[in-house]
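Colleague: Going by the numbering used here, the first residue of the sequence shown is number 2, and it counts up by one from there.
What follows is a structure written as structure tokens; I'll ask about it next.
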Amino acid sequence: MIEIIKKIIRGVILSIRRTDIKINSFHIGYNFLPGRGCIIEREAVIANNVTLGKCCTISKRVILENNVTIGDYSAVNIGTMISQRTKVGNFSSIGNNCMIGNGNHAIDYVSTSQLLYGKNNILGVKTSFDGFTKTVTICNDVWIGNNAILMAGVTVGDGAVIGSGAVVTKNVEPYSIVVGNPAKLLRYRFDDDKIKFLLKNNLWENYSNHLSTIKKLIEQQENWECF
Ligand SMILES: CC(C)(COP(=O)(O)OP(=O)(O)OC[C@H]1O[C@@H](n2cnc3c(N)ncnc32)[C@H](O)[C@@H]1OP(=O)(O)O)[C@@H](O)C(=O)NCCC(=O)NCCS
């Protein structure tokens, strides 16, 4: 009960202190650092040490576990779970009901049940088991379709697209589109020259230095004049 009251007070203080962000969730852990213009929808659960860049949207029923970091202008849609220490870059869009990284149970111990070897196990056994050693990195401008699953430890390169329902078990190359279970390359979004140009100019990491280029390329749609 005291914990719930503390959370409510923390949420209210945060909303009053930061009038430039819209927080409807009271499930917020300690050391939450949202950038300006963020929107946190109701029923979102934000654990401890979570950092958001500016203008991120965290939709309802999203779960951000401890130490998740998300860059500027990224969006996480309804019901998605992002596991601890995941890093997401700028301008990335994550669909509904995705599972981004997940902990593992031991498969070499006599039992798979964490209750027999995990933290606070019923036997009082001390083991070195950590189910969260591998973390997920989602770079910039990544689009992840609904219901995708990203296994622990994968890196998704800049500009990649993950099809809806994909199960990503390996790293995903920049500007590739992967689909299926296990996820396989469908095609690349652009030809080699365009991909080289995008990676060389690193448009999304330091986007504020490249806004006029980005604007021009968006206006030109697929017919970029730089080629
Ligand atoms: C991955 C995606 C972007 C590909 O779009 P596309 O390039 O227009 O692909 P196409 O529809 O031309 O399909 C090309 C092939 O890929 C297959 N395919 C497309 N999406 C697929 C998916 N998610 N899973 C498995 N196969 C898929 C198609 O069946 C087709 O196969 P074929 O060549 O054997 O007939 C799109 O299908 C997708 O999954 N979008 C995500 C939608 C979503 O979840 N939105 C949420 C909003 S945040």
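Glycine residues also receive a C-beta, built at the ideal position from the N, C-alpha and C atoms.
Looking only at its chain, what residues have a beta carbon closer than 7 angstroms to the beta carbon of LEU124, apart from the 5 residues adjacent to it on each side?
Modeller: LEU117
Colleague: For the candidate residues ALA45, LEU199, SER213, whose alpha-carbon lies nearest to that of ASN97?
Modeller: For the residues ALA45, LEU199, SER213, the minimum Cα distance to ASN97 belongs to ALA45.
Colleague: Which one of CYS227, GLY80, THR156 has the shortest CA to CA distance from MET100?
Modeller: GLY80
Colleague: Say the cut is 7 angstroms; is the CB of ALA167 nearer than that to a heavy atom of ligand 1?
Modeller: yes
Colleague: Work out the CA separation of ASN25 and GLY181 for me, nearest whole Å.
Modeller: 35 angstroms
Colleague: Any chance the CB of ILE178 is under 7 angstroms from a heavy atom of ligand 1?
Modeller: Within the cutoff, so yes.
Colleague: Pull up the distance between the alpha-carbon of CYS39 and that of GLY164, whole angstroms please.
Modeller: 26 angstroms
Colleague: What residues are listed by DSSP as bridge partners for MET82?
Modeller: ILE64, MET100
Colleague: The alpha helix (DSSP H) that contains SER213, what's its start and end?
Modeller: 212–220
Colleague: On a Cα-Cα basis, can you pick out the residue from LEU34, ASN49, ARG86 that is closest to ALA153?
Modeller: Out of LEU34, ASN49, ARG86, ARG86 has the C-alpha closest to the C-alpha of ALA153.
Colleague: Hey, would you say PHE92 sits closer than 8 angstroms to SER75, going by beta carbons?
Modeller: yes
Colleague: Which residues in the same chain as GLY166 place their Cβ atom closer than 6 angstroms to its Cβ, once the five residues preceding and following it in sequence are excluded?
Modeller: ASN148
Colleague: What number of angstroms, rounded off, separates the C-alpha of VAL227 from the C-alpha of VAL89?
Modeller: This sequence places Cys at residue 227; Val is not what is there. Going by the C-alpha atoms only, they are around 29 angstroms apart.
Colleague: What's the C-alpha gap between TYR31 and ASN224?
Modeller: 47 angstroms
Colleague: Could you check how far apart the C-beta atoms of VAL137 and GLY102 are, in whole angstroms? I think they sit under 8 angstroms.
Modeller: 4 angstroms
Colleague: Looking at C-alpha atoms only, which residue of LEU212, ILE71, LYS185, GLY160 is the closest neighbour of LYS195?
Modeller: GLY160
Colleague: Report the option in LYS197, LEU65, THR156 whose CA atom is closest to the CA atom of ASN141.
Modeller: Taking only the C-alpha atoms, the option nearest ASN141 is THR156.
Colleague: Tell me LEU151's beta-bridge partners as DSSP assigns them.
Modeller: ILE101, VAL169
Colleague: According to DSSP, is SER94 part of a helix, a strand, or is it coil?
Modeller: strand
Colleague: Does ligand 2 have a heavy atom nearer than 7 angstroms to the CB of ASN98?
Modeller: Ligand 2 is not part of this structure, which contains only ligand 1.
Colleague: Tell me which same chain residues have a C-beta within less than 8 angstroms of the C-beta of LYS217, skipping the five on either side of it?
Modeller: GLU226
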